[in-house]
Amino acid sequence: MQKKQIKSVVKKLKAGDGIEVEWVDASDDDGDLTNFTWYRRTDVLKDTTLTKIRTRCTFLQIKRDTLFVYCNDEIEPDPKDPQIALRGQIPMGCVIGLWKTKRIEADEWIV
379 MQKKQIKSVV KKLKAGDGIE VEWVDASDDD GDLTNFTWYR RTDVLKDTTL TKIRTRCTFL
439 QIKRDTLFVY CNDEIEPDPK DPQIALRGQI PMGCVIGLWK TKRIEADEWI V
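Quick note on numbering: the sequence shown equals residues 379 to 489 in this note's numbering.
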């Protein structure tokens with residue numbers, strides 16, 4: 379998905395809209411440094427891959443090129459101003475795909 383397409387989707391979003399975001403996350407490719415291993419740089423360049431994440435969540439806002447999201451909301455006691463939990467943020471520079479989706483309701487979660 380191109381950056382223009384992503385920006386077009388973002389412009390149409392309202393707080394509370396369900397979204398699916400595909401993004402590239404930072405990673406520690408060597409893991410635990412207590413048992414680190416030396417590698418040839420040319421070999422590492424052949425095997426370098428991106429850590430792609432797909433997150434289904436609820437849109438909160440865009441602020442300073444950062445996408446703010448959350449995963450849970452509680453509509454009691456005031457459905458016009460729900461309490462939210464499991465908040466997160468994704469830098470827009472890391473976003474490689476963004477789609478508006480149906481919101482996931484509590485009874486649809488797989489536990």
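All C-beta atoms, glycine included, are put in the ideal place defined by N, C-alpha and C. Computed from a predicted model, the values in this text were never measured in an experiment.
Alpha-carbon to alpha-carbon, residue j and residue i
| i | j | result |
| --- | --- | --- |
| Gly475 | Met379 | 5 Å |
| Asp459 | Gln439 | 15 Å |
| Val489 | Trp416 | No answer about Val489 holds up, because its pLDDT of 45 lies below 50 and its placement is not dependable. |
| Asp406 | Asp421 | 17 Å |
Endpoints, the alpha helix (DSSP H) within which residue i is located
| i | result |
| --- | --- |
| Arg434 | From DSSP, Arg434 is part of no alpha helix (DSSP H) but of the beta strand (DSSP E) over Thr429 to Lys441. |
| Asp421 | Arg419 to Asp425 |
| Lys480 | Note, Lys480: premise wrong, no alpha helix (DSSP H); not H, not E. |
Sheet register partners of residue i (DSSP bridge)
| i | result |
| --- | --- |
| Trp416 | Trp416 is not bridged to any residue. |
| Gly466 | Val447 |
| Val473 | Trp401 |
Beta-carbon proximity list for residue i, same chain, < 6 Å, skipping 5 on both sides
| i | result |
| --- | --- |
| Gln461 | Glu452 |
| Asp403 | Thr429 and Ile431 |
| Glu400 | Arg432, Ile474 and Gly475 |
| Cys449 | Cys435 and Leu464 |
Sequence-distant residues of its chain with Cβ nearer than 7 Å to residue i (five each side left out)
| i | result |
| --- | --- |
| Ile384 | Val473 and Leu476 |
| Met382 | Reading off the sequence, residue 382 comes out as Lys, not Met. Cβ within range, chain order: n/a, list empty. |
Own chain residues within Cβ distance below 8 Å of residue i, not counting five before or after
| i | result |
| --- | --- |
| Gln467 | Thr444, Leu445, Phe446 and Val447 |
| Lys392 | Phe437 |
| Asp408 | Phe414 and Thr415 |
Bounding residues of the beta strand (DSSP E) (the contiguous stretch that carries residue i)
| i | result |
| --- | --- |
| Ile397 | Gly396 to Asp403 |
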